[in-house]
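Trainee: Okay, here's the structure, questions in a sec.
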Amino acid sequence: MDSTTSDPPAAPPAAPPAGPAGPDASAPAPLRGTAADGLKIVIVGGFGVGKTTMVGSVSEIRPLSTEEVMTRAGEGVDEADAVPAKTTTTVAFDFGRITLNDRQVLYLFGAPGQQRFWFLWDQLFGGSLGAVVLVDTRRIEDSWYAIDRLEHHRMPFVVAVNRFGERGPSLPKVRAALDLDEHVPLVECDARLRESSKNVLIELVRHLTALHERPAREDAR
Ligand SMILES: Nc1nc2c(ncn2[C@@H]2O[C@H](COP(=O)(O)OP(=O)(O)O)[C@@H](O)[C@H]2O)c(=O)[nH]1
Ligand SMILES: [Mg+2]
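Oh and the sequence shown: position 88 is 88 in the UniProt record's numbering, straight run, nothing missing.
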């Protein structure tokens, strides 16, 4: 993906502002003028599983989110009953950014979870390096569709269990319920926490690296 070429030219290199508590996501963090490679990662999973929360916690810019207040029009269409605390919903996608180094920038896209927006997913997958599937253990089956689409597109992914403060089933039980291949990483996370969300992304990058290196190892045999 070469999405950085359309940005205004020659913005002076600027480090993201960092306060005592680290980078402030609400402060402007201009894209470095040296940024050349835009790497894209998508975050998918069922409705209310924490996708918008994860993009928001880990992005260095205030995430662009097309969040709208839910209305009666969604009743009986979206599964709002399963997520009573949820008052807004993503109507297109969430967008966040993380600067990796002077040249490389990671773009995060959170896909809308409701079934009526699923047609957007296949386009969102185009040009992506890999994906994070978020799972709420109270509604594991809501993430089946995401895994099905990713396998269809042969897109590498990791699965992150967002616990919502509940103990829920163990990771091996979640793996069995999702019928996950043993090589697919499965990790715990709290999407509200920056460090935890960051760890999920690091797990995905490790997985991508391992997949990249595996054919070379097999050739060497
Ligand atoms: N307790 C708890 N609440 C969370 C967690 N992650 C998200 N939430 C809340 O769950 C609701 C749904 O999250 P949201 O990110 O909008 O879900 P999305 O539909 O996947 O984008 C919001 O009210 C969040 O504040 C979590 O790890 N623990
Ligand atoms: Mg959302």
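Quick reminder that beta carbons are idealized off the backbone N, C-alpha and C, glycines included. Because the structure is a prediction, the values reported are computed rather than measured.
1) Pairing CB atoms from the segment 141-155 with CB atoms from the segment 45-65, are three or more of them under 8 Å?
2) Does the Cβ of Gly-110 lie closer than 7 Å to at least one heavy atom of ligand 2?
3) Could you tell me the alpha carbon to alpha carbon distance between Phe-164 and Leu-129, rounded to whole angstroms?
4) Are Asp-102 and Thr-34 close, meaning C-beta to C-beta below 8 Å?
5) Measure the CB-CB distance between Arg-149 and Asp-179 and report whether it falls below 8 Å.
6) Quick check: what's the CA-CA separation for Glu-151 versus Leu-31?
7) Looking at Thr-99 and ligand 1, is the gap between the Cβ and the nearest heavy atom below 7 Å?
8) Measure from the alpha carbon of Glu-60 to the alpha carbon of each residue in Glu-166, Val-174, Glu-195 and Arg-154, then state which is nearest.
Mentor: Let me lay it out:
1) yes
2) yes
3) Near 28 Å, if we compare the C-alpha coordinates of Leu-129 and Phe-164.
4) yes
5) no
6) If you take the alpha carbons of Glu-151 and Leu-31, they lie about 33 Å apart.
7) Remark: the C-beta of Thr-99 is outside contact range of ligand 1, defined as less than 7 Å to any heavy atom.
8) Glu-195
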